[in-house]
Structures are given as C-alpha cells and as structure tokens.
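Just below is one structure, and these are the notes that go with it.
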Amino acid sequence: MSQHAKSDRNHALPADSSAAGAPGTTAAGTNAAETPPSTADIKRWRQYLADERAEARVYRDLAQSRRGEERDILLALAEAEGRHEAHWLQLLGDHAGKPRQASLRSQLLGFLARHFGSVFVLALAQRAEGRSPYGSDPSATPAMVADEQIHEEVVRGLATRGRNRLAGSFRAAVFGANDGLVSNLSLVMGMAASGVGSQVVLLSGVAGLLAGALSMGAGEFISVRSQRELLAATRPTQITLSAAPRLDIEHNELLLVYLARGMSREAAEHRVAERMGLLACDCDPSLSLQPELPETEDRHEAVGTAWSAAASSFCFFASGAVIPIIPFLLGMTGVAALVVSAVLVGMALLLTGGVVGLLSGTSPTSRGFRQLAIGMGAAAVTYLLGMAFGAVVA
C-alpha cells in the first residue's frame, strides 16, 4: 500500500515544472505558475481545499471507531484526500489565505462521523465522492479525477457491510413506517369524507393503528421465520460423515448426494473415495469440496431475525400510524384536521424516502418525492371513495 501511496503522491503533485504531462502541469497549473489566477479560480480552489480537509477529517473520525482492515482503508482514504489538499495548496500558493469553512455537505458529514459513525455517514460519503466536481474542472489532475471515482467504489464496499447488517430489520422498519403512514392516513381521510363525526374518525384511526401494528408484527415474524427455515433446509447436513463408513461400497448412494449437490461425476467420485477412506490423502484438491464443518456465522444475516423484524415492523408501523391522528388527538376537527394530518404525513413520507435514498446511495430527494406521491395518491383515492360511499349511504 505504501508503494502505491508514494506513486499516487508523485502523480498528484507537480514535483518540478520540467515533468511534461505530469498532473499539476495541466493548462490550469501552467497558467497558475505563469500568470496570477483569477478571483474565481482562487475562490473555487480555496473551497476545494476546505472540502478536502473536511473529508480527510471525516475518514479519520470514522477510522477511530473501526478496527483492522476497515480502519486501514479509511486511513488510506484520508491520506489520499491529503494529497488532493496539497495539490490545491500548491496552486493557490500565497493566495491560500486563512482556512475557510467547508461546504454544508462536508460539515454535515463531519458532524455525523464524530457523533454517530454509522452506515449513514458512509452512504453520504459514497454519494459525495460520486458527485465530485473534479471531472469537469481543468485545474484538477487526471489522477485526482480517478481517485475520486475509485474512492466512491471503496466507500460503497465499506457501506455494503453495514447495509447487509441492516437489511432485514431496516426493510421491516421502512415497510412498517410507510404502511402505517399511508394506511392510517387513507383510513382517516376515507372516514372523514364519508361524513362521520371527528370522534368516530379518531376511534377509527386508533383501531387502525392497533390492528395494523399487531398484524404487521405477526406477519413479519412469520415471514422471516419461514424464510430462514426455507434457507436452512437447503444447507447440506453432516450425515455424510457418520454414514459413509457403513455404506455398501458396491451400492454406494453417497455418490448420489454429491451429484445432487451439483458436482460433476468425476468430482463426486473423488469426494466419495475420500469419505470412504479409499484415499489416504487429497491427491487432487481441485476436485474436492471443503469438509462439511459446522457454520460459525449466520449465512442468512441479510434476512434478519424473526423477532427483530417483528419488533421493528410493529414499532415503526405504530409510529407511522399515529401521525395521521395527531390533529384529532389535539382536538382539531373538520377540514383543518385533515389538512394538518396530510401535511404531517407528507413530511414523514419525505423523511422516510430520503433515508432510503441515503442508505441506497441514490438521490434522497427523488426517493422522498416518490414516497410522497405514492402516499398522497393512495389517500386521495380513499378520500374520493369515502365521499362516494357517504353519498350512497345518505
């Protein structure tokens, strides 16, 4: 790694002006050496400098809560940002001035890294690396542009580990919260549109909250437990170890086991000979599978545990479903209560959609508005149906 870092450092900084084609001696770098940079250039370079310093601090802060390989990777990213910082310092020269504040995005990353250090920070960092302005800025060296592109993939890999740990419970939480928001808002809107009193609307909302939360929790528990049992049923057992010595060699059904697992006949016959003790050594490891040792880690971690999924689903459904009835709990009635309820739910949908976007490394804005459109669309349809039902009953 150190040799690579030295090589990157030699490419990232213009060691001397005679190195033709070296990064730092681009058109912008040459002009900066021969003529004073413009005010716009100085302002832009100083912002880049502040952001590089802030991003390096983010990676160092994240490294403090990591161990082993992840820590080394984060420190290497911080070192790379330091090389970029040196590039902008060289271009600025005497114009560097006092350190200026980093962008709001970089400041937010730093705050989250210092106080939380979670997968959310890595997801934000991944998006930040992917939106680097260096690709369209002639002042940045080609090596720096490539660095930013590779950094996005490095951070994506680090964030993937956290996403895998969150996948099961996070899926249940997001699904539960959005289902609570949309279903109870639709229920409240439909009941209100039918012409019933505010007390009936409130009771309907509370009933919908309790029934939905219990149903979601129970359903999620059964779903995840069933899925894990299904996956566990496909895992090979240890029976071949205990049954092999007692098999009839002339009618050896152990061969069928390995053929059923997808091995070629040659590889299966080789494995059978090992299990039967006919091979004193593994003469051809390329034909052999690893021994069926008990698993020491959860192969289905991304599915999540049934209890955690059920608890997440119950709690988040309830937290989402209570929002539409807040105005009625506070004593509001009529159209005003419905408007406040819709606004509160809309804000919550934007938030949950934005969180999904952040964790998935995509645009939080587009994901937020997608959630909003779906939720409000469902509520609007239910409101119209409630009006029609009320008119028919009346």
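Numbering of the sequence shown is given in this note's numbering, commencing with residue -14 and proceeding in unit increments. Glycine residues also receive a C-beta, built at the ideal position from the N, C-alpha and C atoms.
In terms of alpha-carbon separation, which member of the options lies closest to residue i?
i	options	result
Arg383	Asp36, Thr367, Ala144 and Ala87	As shown, the chain starts at -14 and ends at 379. That puts residue 383 outside it, with no answer to give.
Val328	Ser124, Leu240, Ile311 and Gly342	Ile311
Arg355	Thr367, Ser208, Asp57 and Gly339	Gly339
Glu114	Pro123, Ile135 and Glu54	Ile135
Arg45	Ala35, Ala61 and Met201	Ala61
Gly78	Ala252, Arg42 and Arg31	Arg31
Gly353	Thr337, Ala365 and Ala363	Thr337
His80	Gly316, Asp26, Met201 and Leu244	Asp26
Met129	His72, Met176 and Leu170	His72
Thr20	Leu47, Ala258, Ala35 and Leu76	Leu76
Ser304	Gly204, Ala295 and Ala198	Ala198
Glu205	Ala245, Asp164 and Tyr243	Asp164
Gly375	Ala178, Ala258, Met201 and Ser121	Ala178
Ser121	Ser200, Gln212 and Arg29	Arg29
Check this for me: beta carbons of residue i and residue j, under 8 Å apart or not?
i	j	result
Ser183	Thr318	yes
Phe302	Gly180	no
Leu187	Phe313	yes
Leu241	Glu254	no
Asn170	Ala364	As written in the sequence, residue 170 is Leu, which differs from the Asn given in the question. Yes, these two residues count as a Cβ contact at 8 Å.
Leu34	Leu89	no
Arg56	Ala63	no
Arg210	Ala291	yes
Excluding sequence positions up to five away, which residues of its chain have a Cβ less than 7 Å from the Cβ of residue i?
i	result
Leu172	Ser189, Gly190 and Gly193
Leu140	Note on residue identity: the sequence assigns Val, not Leu, to residue 140. Result list for Val140: Leu107, Ala110, Gln111 and Glu114, in chain order.
Met176	Val185, Val186, Ser189 and Gly371
Met174	Leu323, Ala364, Thr367, Tyr368 and Gly371
Val307	Leu194
Val58	Sequence check: residue 58 is Ile here, not Val. Val139 and Leu143.
Ser117	Glu133
Met201	Gly161, Asp164, Ser298, Phe299 and Phe302
Under the criterion of a Cβ to heavy atom distance below 7 Å, does residue i qualify as lining the ligand NAD?
i	result
Tyr243	With respect to the ligand NAD, the structure offers nothing, as it holds no ligand at all.
Ignore the nearest five residues each way along the sequence and tell me which others in residue i's own chain have a CB closer than 8 Å to its CB.
i	result
Gly331	Leu357, Gly360 and Met361
Thr350	Gly339 and Gly342
Ala203	Ala295
Gly82	Arg31
Leu166	Gly305, Ala306, Ile308, Pro309, Val330, Ala333, Leu334, Thr337 and Gly360
Gly247	none
Ser91	Ala35, Asp36, Ala39, Glu40, Val43 and Ala113
Can you tell me whether residue i is buried or exposed? The criterion is at least 16 other CB atoms within 10 Å of its CB, across all chains shown.
i	result
Ala85	Here the sequence assigns Arg to residue 85, which means Ala is not the residue at that position. Exposed: under 16 other Cβ atoms inside 10 Å.
Pro123	exposed
Val324	exposed
Asn294	Note on identity: in this sequence residue 294 is Ala, with Asn being the wrong assignment. Counting Cβ neighbours within 10 Å, Ala294 comes out buried, since at least 16 surround it.
Ala39	buried
Phe299	buried
Asp132	buried
Ser23	exposed
Ser168	buried
Val377	exposed
Glu137	buried
Ser326	buried
Ala245	exposed
Closer than 6 Å by C-beta to residue i: which residues in its own chain qualify, once you throw out the five before and the five after it? Chain order, please.
i	result
Ser208	none
Glu37	Glu66, His69 and Glu70
Ala158	Ser297 and Phe301
Ser348	Gly342
Ala373	none
Ala87	Ala35, Asp36 and Ala39
Ala41	Ala63, Glu66 and Gly67
Tyr243	Ala253 and Arg256
Ordered list of alpha helix (DSSP H) runs contained in the segment 50 to 81, each at least 4 residues: 53 to 77
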